[in-house]
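For reference, the structure discussed in these notes is given below.
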Amino acid sequence: MNRSVNETCSSPQFDGPAFLDLTPWGGPGQDAWAAYDARSWSRFDTAGGSTLYFSQTRRGAFSETIQDYRPTPGRQGAFERTAANLGMSADDLYEAVRDEWSEAAFMQIGHLPRAFRQARALFTVTINEDGWWIAPEHADSRYALAAQLDDPAQTLGHEHLDRHTILGHDRRFTTTLASMMRDAVLDDGTLPLGAAWQSDPGWDLSYAYWMRSRDDGLDDKPSDPTADSGQEISDLDPDLLEIAGKYRIKLH
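Numbering (UniProt numbering), first residue to last: 1 to 252.
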């Protein structure tokens, strides 16, 4: 794997998202390879491995974690059609189900419930080791990966390896690439820390850190990543407000 990966890492500070609250430390787990149903995995998870996801900035963290609440014509229209079928306006239907949805941390598309924020915190993650990040979008990385995709079963029907496929929604394919990147020996003989790519929503870099020590059953090392105790997420947080405004999401 070519080492030309845009940047190196030297114990930087990153404002990280609360990607850990639902599936702590990410990763599909040790027993997932047999079934290999990667559809529910995150982008650069690997079989039997643990992955820590975080963002370069606060707004990048928010852009990743709330993007599924963005209103789209199709999703918003489905809610309005449901209301029409019930003989109600969309506003009346929303009022009727608001409390129930809020308790379930679910709301009409375009709304972010209070429970979403209360169940999460914003952590600052510190990477305590020097090393290289693979930039899968970089031309050198893409050509190196493509050269290893010699088995048709690995390509899963993808004819070209470009940004669209690398950052696409086919998790069986992106996790195949992740396994190849994680196992790659770089030009200087080291293994990569993880992958770094331009966030799909477009704000700053996202990172996937492969937690090798944890997966090898080793005790915590000084070089392992650390996180602070986290901070509550306010509906007045300026970075959250900026991203919610761009996404046209109403905060509760």
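For each residue, glycine too, the CB sits at the ideal point set by N, CA and C.
Could you tell me how far apart the beta carbons of Ile233 and Ala115 are, in whole angstroms, since I believe they sit closer than 8 Å? Locating residue 233 in the sequence shown gives position 233, where the first residue counts as 1. Locating residue 115 in the sequence shown gives position 115, where the first residue counts as 1. Actually they are not in contact, since the Cβ atoms of Ile233 and Ala115 sit about 12 Å apart, beyond 8 Å.
Cβ-Cβ separation, Ser179 to Thr57 (assumed contact under 8 Å), whole Å: Locating residue 57 in the sequence shown gives position 57, where the first residue counts as 1. Locating residue 179 in the sequence shown gives position 179, where the first residue counts as 1. Not quite, the Cβ-Cβ distance comes to about 28 Å (not below 8 Å), so this is no contact.
Given Leu236 as reference, the closest of Trp132, His252, Gly189 and Ser229 once Cα atoms are compared: The count along the sequence shown starts at 1 and reaches residue 236 at position 236. It is His252 whose Cα lies nearest to the Cα of Leu236.
Closer than 8 Å is the cut-off here; do at least three beta carbon pairs connect the region 163 to 172 with the region 210 to 222? no
Is the beta carbon of Ala96 sitting closer than 7 Å to the one on Ala90? Your numbering for residue 96 matches position 96 in the sequence shown. Your numbering for residue 90 matches position 90 in the sequence shown. Going by C-beta atoms, Ala96 is not nearer than 7 Å to Ala90.
So the alpha helix (DSSP H) Tyr247 belongs to, where does it begin and stop? Mapped onto the sequence shown, residue 247 falls at position 247. Here the alpha helix (DSSP H) through Tyr247 covers Pro238 to Tyr247.
Would you tell me roughly how many angstroms separate the C-alpha atoms of Ser141 and Ile134, rounded to the nearest one? By 1-based counting over the sequence shown, the position of residue 141 is 141. By 1-based counting over the sequence shown, the position of residue 134 is 134. Going by the C-alpha atoms only, they are around 7 Å apart.
From this set, Leu205, Gly245, Ile66 and Leu145, which residue's C-alpha is nearest Leu186's C-alpha? Position 186 of the sequence shown holds residue 186. The option with the nearest alpha carbon to Leu186 is Leu145.
Taking 8 Å as the limit between beta carbons, can you name the residues of its chain near Thr155, skipping five residues before and five after? Sequence index remark: in the sequence shown, residue 155 carries index 155 (1-based). Within the same chain, Thr155 has close Cβ partners Leu149 and Phe173.
Secondary structure of Asp130, DSSP reduced to three states: Indexing the sequence shown from 1 puts residue 130 at position 130. Note: Asp130 maps to strand in three-state DSSP.
For the alpha helix (DSSP H) that contains Ser179, what are its first and last residues? Mapped onto the sequence shown, residue 179 falls at position 179. Here the alpha helix (DSSP H) through Ser179 covers Arg171 to Asp183.
Ser229 and residue 254 - do their beta-carbons sit closer together than 7 Å? With the chain represented from 1 up to 252, any question about residue 254 goes unanswered, as that position is not in the structure.
Please name the residue or residues paired with Phe62 in a DSSP beta bridge. Here the question's residue 62 lines up with position 62 in the sequence shown. Partner(s): none; Phe62 has no beta bridge.
From the DSSP output, which residues share a beta bridge with Tyr69? For the purposes of this step, residue 69 is taken as the residue at position 69 of the sequence shown. Tyr69 pairs with nothing; no bridge assigned.
Put Ser206 into one of helix, strand or coil per three-state DSSP. Position 206 of the sequence shown holds residue 206. The answer is strand: DSSP assigns Ser206 an E or B state.
Just to confirm my understanding: we take Ile243, look at its own chain, exclude 5 residues before and 5 after, and list those with CB closer than 6 Å. What are they? Within the sequence shown, the letter at position 243 stands for residue 243. Arg59, Phe62 and Ser63.
Simplified DSSP assignment, three categories, for Phe116: By 1-based counting over the sequence shown, the position of residue 116 is 116. Helix, per DSSP.
Looking only at its chain, what residues have a beta carbon closer than 7 Å to the beta carbon of Gln231, apart from the 5 residues adjacent to it on each side? Stepping through the sequence shown from its first residue, residue 231 is reached at position 231. Hits under 7 Å: Ala121 and Leu122.
DSSP-derived helix/strand/coil call for Ala84: In the sequence shown, counting from the first residue as 1, residue 84 sits at position 84. Note: Ala84 maps to helix in three-state DSSP.
Bridge partners of Gly194, per DSSP? Taking the sequence shown and counting its residues from 1, the one referred to as residue 194 is at position 194. Bridge partners of Gly194: Trp133 and Tyr209.
With distance defined between alpha-carbon atoms, name the residue in Lys221, Gln67 and Gly87 nearest to Pro201. Along the sequence shown, one-based indexing puts residue 201 at 201. Among Lys221, Gln67 and Gly87, the Cα nearest to that of Pro201 belongs to Gln67.
Taking only beta-carbon positions, decide if Gly48 is within less than 7 Å of chain C. You won't find chain C in this structure, because it holds only one protein chain.
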